[in-house]
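Chemist: Just passing along the structure, written as structure tokens.
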Amino acid sequence: MNTKLIFDVIGIDGSPVDIVKIKNNNDLEFNIEAIKRMTKYRYMHSKQPQYKNFNSGNQTSAQSVGTGRALARVPRIKGSGTSSSGQGAISNMCRGGKVFGVSRIKKIWNIRLNIKQKTKAYQSAYLATLFPSLVISRGHNIQDAIIFPLIVEKLIEYVRNISEFTRVLKNVGGFNDLKKFRRSKFKTTQKAQKKGPVLIINSSKDYSVLTKNIHRIEIRQVKNINFFNIAPGGRIGRFCIYTKDSFLAIFNKIGKIDYTKSLCYRLSSKRDIKKHKNIKKIYYMSN
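Note that the numbering used here has the sequence shown beginning at 58, numbered continuously upward.
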């Protein structure tokens, strides 16, 4: 049986405006193993290839003394009158010696994922934003949200002022999740900082002005959204605020499990090959 999913759409003032109905949701799956695999391989892509010099640890004039002196047959530094003379060198158990099994540049640092595994990871990351229990367990505050998931009409994309944007968040919901970041002092630290809500839109305009003085909120487009924008650090259940167009666009990518087209922007469809007897004539033809 094909069941229906019904979601409410609210306006900027918080009143209900429209309803979104989605059919054929039996193909959707929630796979945690795909998320773990995605985070692991994406982390490997960000790493820079490192290796060690093959001659490190061998740059000493060390030589073993031999047997019969009640000493280990480890190469020892030559010379006399210095503190380093007689110390062990070169072997991997000594100070400043060689390293066993050193990493090389030929190692496969970047591991590629299949398109099916990518789509399963994106599916489960998007579906986790629809469950309030997973969003609350991640640390978000959704008490002021009128409905969940939060789907707003398209008029929110035409807001150009910071004061109007905060007024919309107070009417719709999601402003309480930003209060916990106001009192804290923002410093440039290496620790991972907490993430706030995300507004996902379907337009190509620049909205960096709205997030200039509001900390920990992000505005992302559907075509440029990343896996770590929805599940930062591999932890699913981020608080997402959708528009109606962006919600339908994302659900079309998730619901239709066509692995050749969904969530793979690099893959292009095959073009028809045109054949002609005299190709040189067409190539050098003048306009």
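A virtual CB, placed ideally from N, CA and C, is assigned to each residue, including glycine.
Quick one: give me the first and last residue of the beta strand (DSSP E) that Tyr299 is part of.
Modeler: Start at 1 with the first residue of the sequence shown, and residue 299 comes out as number 242. Residues 297 to 300.
Chemist: Expressed to the nearest angstrom, what Euclidean distance is found between the alpha-carbon atoms of Gln200 and Pro106?
Modeler: Here residue 200 refers to the residue found at position 143 of the sequence shown. Here residue 106 refers to the residue found at position 49 of the sequence shown. Using only the alpha carbons, I get a separation of about 45 Å.
Chemist: What three-state label does DSSP hand Arg323 in the structure shown?
Modeler: For this step, residue 323 is matched to residue 266 along the sequence shown. The pLDDT assigned to Arg323 is 37, lower than 50, so where the model puts this residue is not dependable; a value taken from the coordinates is nonetheless given after this. DSSP places Arg323 in coil when its eight states are reduced to three.
Chemist: Does Val216 come out as helix, strand or coil in the three-state DSSP assignment?
Modeler: Sequence index remark: in the sequence shown, residue 216 carries index 159 (1-based). If DSSP states are grouped into helix, strand and coil, Val216 belongs with coil.
Chemist: Could you tell me the distance, in whole angstroms, from the CA atom of Tyr98 to the CA atom of Met150?
Modeler: For the purposes of this step, residue 98 is taken as the residue at position 41 of the sequence shown. For the purposes of this step, residue 150 is taken as the residue at position 93 of the sequence shown. Cα to Cα, the separation comes out at about 33 Å.
Chemist: Grouping DSSP H, G and I as helix and E and B as strand, with all else coil, what is Val192?
Modeler: In the sequence shown, residue 192 corresponds to position 135, counting from 1. In this structure, Val192 counts as helix in the three-state DSSP scheme.
Chemist: Where DSSP assigns a beta bridge to Gln278, which residues make up the other side?
Modeler: If you number the sequence shown from 1, residue 278 lands on position 221. According to DSSP, Gln278 bridges with Ile258.
Chemist: Distance, Cα to Cα, Lys313 vs Ile307?
Modeler: Position 256 of the sequence shown, counted from the start, is the residue given in the question as residue 313. Position 250 of the sequence shown, counted from the start, is the residue given in the question as residue 307. Unreliable positioning characterises Lys313 in this predicted model, as indicated by a pLDDT of 46, which lies under 50. The coordinate reading is nonetheless provided below. Cα to Cα, Lys313 sits roughly 10 Å from Ile307.
Chemist: With a threshold of 7 Å on Cβ separation, who are the neighbours of Ile258 within its own chain once the five nearest residues in sequence on each side are excluded?
Modeler: Here residue 258 refers to the residue found at position 201 of the sequence shown. If we look at Ile258 and ignore the five residues flanking it on each side, its Cβ neighbours are Glu214, Ile276, Gln278, Thr300, Ser303.
Chemist: Whether or not the stretch 166 to 179 and the stretch 113 to 124 are in contact is what I'm after, with contact meaning three or more pairs of Cβ atoms, one per stretch, closer than 8 Å; do they touch?
Modeler: Touching, no, given that fewer than three Cβ pairs across the two stretches are closer than 8 Å.
Chemist: Which of the three DSSP states, helix, strand or coil, is assigned to Gly291?
Modeler: Mapped onto the sequence shown, residue 291 falls at position 234. Here Gly291 sits in helix by DSSP.
Chemist: List the endpoints of the continuous beta strand (DSSP E) containing Leu267.
Modeler: As a position in the sequence shown, residue 267 is number 210, starting the count at 1. Taken as a continuous stretch (DSSP letters only), Leu267 belongs to no beta strand (DSSP E), as it is neither H nor E.
Chemist: Would you grab the beta carbon distance between Gly294 and Val192 for me? Rounded to a whole angstrom, and I think it's under 8 Å.
Modeler: Translated into positions along the sequence shown, residue 294 becomes position 237. Translated into positions along the sequence shown, residue 192 becomes position 135. Sure, about 5 Å apart at Cβ, within 8 Å.
Chemist: Using C-beta distances below 7 Å, list every residue in its chain close to Phe205, excluding the 5 sequence neighbours before and after it, in chain order.
Modeler: One-based indexing of the sequence shown puts residue 205 at position 148. Result list for Phe205: Pro189, Ile199, in chain order.
Chemist: Could you spell out where the alpha helix (DSSP H) holding Asp201 opens and where it closes?
Modeler: Locating residue 201 in the sequence shown gives position 144, where the first residue counts as 1. It is not in any alpha helix (DSSP H) - Asp201 carries neither H nor E in the DSSP assignment.
Chemist: Do you know how far the Cα of Phe87 is from the Cα of Leu184?
Modeler: For this step, residue 184 is matched to residue 127 along the sequence shown. For this step, residue 87 is matched to residue 30 along the sequence shown. Whole-angstrom Cα-Cα distance: 7 Å.
Chemist: Between Leu320 and Lys252, what straight-line distance do the alpha-carbon atoms span, to the nearest angstrom?
Modeler: The residue you call residue 320 lines up with position 263 of the sequence shown. The residue you call residue 252 lines up with position 195 of the sequence shown. For Leu320, the pLDDT reaches just 39, beneath the cut-off of 50, and the residue's location in the model is therefore unreliable, although a value from the coordinates is still provided. The straight-line gap from Cα to Cα measures roughly 24 Å.
Chemist: Which class does Asp234 belong to by DSSP, given the choice of helix, strand or coil?
Modeler: Against the sequence shown, residue 234 aligns to sequence position 177. Asp234 falls in the helix class under three-state DSSP.
Chemist: Mind pulling the alpha helix (DSSP H) runs of 4 or more residues that sit fully within the stretch 103 to 191?
Modeler: Segments of the alpha helix (DSSP H) lying fully in the stretch 103 to 191: 172 to 185.
Chemist: Indicate the three-state DSSP secondary structure (helix, strand or coil) for Lys78 in the structure shown.
Modeler: Position 21 of the sequence shown, counted from the first residue, corresponds to residue 78. The answer is strand: DSSP assigns Lys78 an E or B state.
Chemist: Report, in whole angstroms, the separation of the C-beta atoms of Gly145 and Val156, which I expect to be a contact under 8 Å.
Modeler: Numbered from 1 along the sequence shown, position 88 holds the residue referred to as residue 145. Numbered from 1 along the sequence shown, position 99 holds the residue referred to as residue 156. No, Gly145 and Val156 are not in contact; Cβ-Cβ is about 15 Å, not under 8 Å.
Chemist: Would you report the Cα separation of Gly350 and Ser160, rounded to the nearest angstrom?
Modeler: No answer is possible for residue 350: it lies beyond the span of the chain, which begins at 58 and ends at 344.
Chemist: Looking only at its own chain, which residues have a Cβ that is under 8 Å from the Cβ of Lys135, when we skip the five neighbours before and after it?
Modeler: In the sequence shown, the residue the question calls residue 135 occupies position 78. Hits under 8 Å: Ser118, Ala119, Gln120, Ser142.
Chemist: Within this structure, are the beta carbons of Lys104 and Trp166 separated by less than 8 Å?
Modeler: Sequence index remark: in the sequence shown, residue 104 carries index 47 (1-based). Sequence index remark: in the sequence shown, residue 166 carries index 109 (1-based). Contact: yes.
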